[in-house]
Amino acid sequence: KTRYRQPDQACLITQDDDGKINVEFEQQQRAVTPGQSVVFYLDDDCIGGGIIVSTDAPGIHP
5 KTRYRQPDQA
15 CLITQDDDGK
25 INVEFEQQQR
35 AVTPGQSVVF
45 YLDDDCIGGG
55 IIVSTDAPGI
65 HP
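In my numbering, the protein residues as written are 5 to 66.
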């Protein structure tokens with residue numbers, strides 16, 4: 005999720021060789037903004053999260 009009340013969104017999480025985490029959503033997202041948090045859930049369990057650094061990847065619309 006990138007918004008508190010947003011429904012869960014399917015995504016693929018990968019890690020670059022330099023340790024950077026990349027998130028690619030299955031569907032285009034609206035208003036994803038650097039400085040915001042992204043939080044990952046598996047069912048009702050929070051399994052991780054981080055701060056959004058950039059949104060220049062395809063399929064993400066700031």
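By construction, the Cβ of each residue, glycine as well, lies at the ideal position given by its N, Cα and C atoms. Predicted, not measured: the structure shown is a model, and the values here were computed from it.
First through last residue of the beta strand (DSSP E) which encompasses residue i
i: Q19; result: C15 to Q19
i: E30; result: Segment: none, E30 is in no beta strand (DSSP E) and carries neither H nor E.
CB contact flag (residue i, residue j, <8 Å)
i: V57; j: V42; result: no
i: Q13; j: Q32; result: no
i: V36; j: T59; result: yes
Bridge partners - residue i, DSSP secondary structure assignment
i: G53; result: V43
Residue nearest to residue i in terms of C-alpha spacing, selected from the options
i: G39; options: K5, D47, Y45 and I55; result: I55
i: G53; options: P11, I25 and D21; result: I25
i: F29; options: D21, D22, D20 and L16; result: L16
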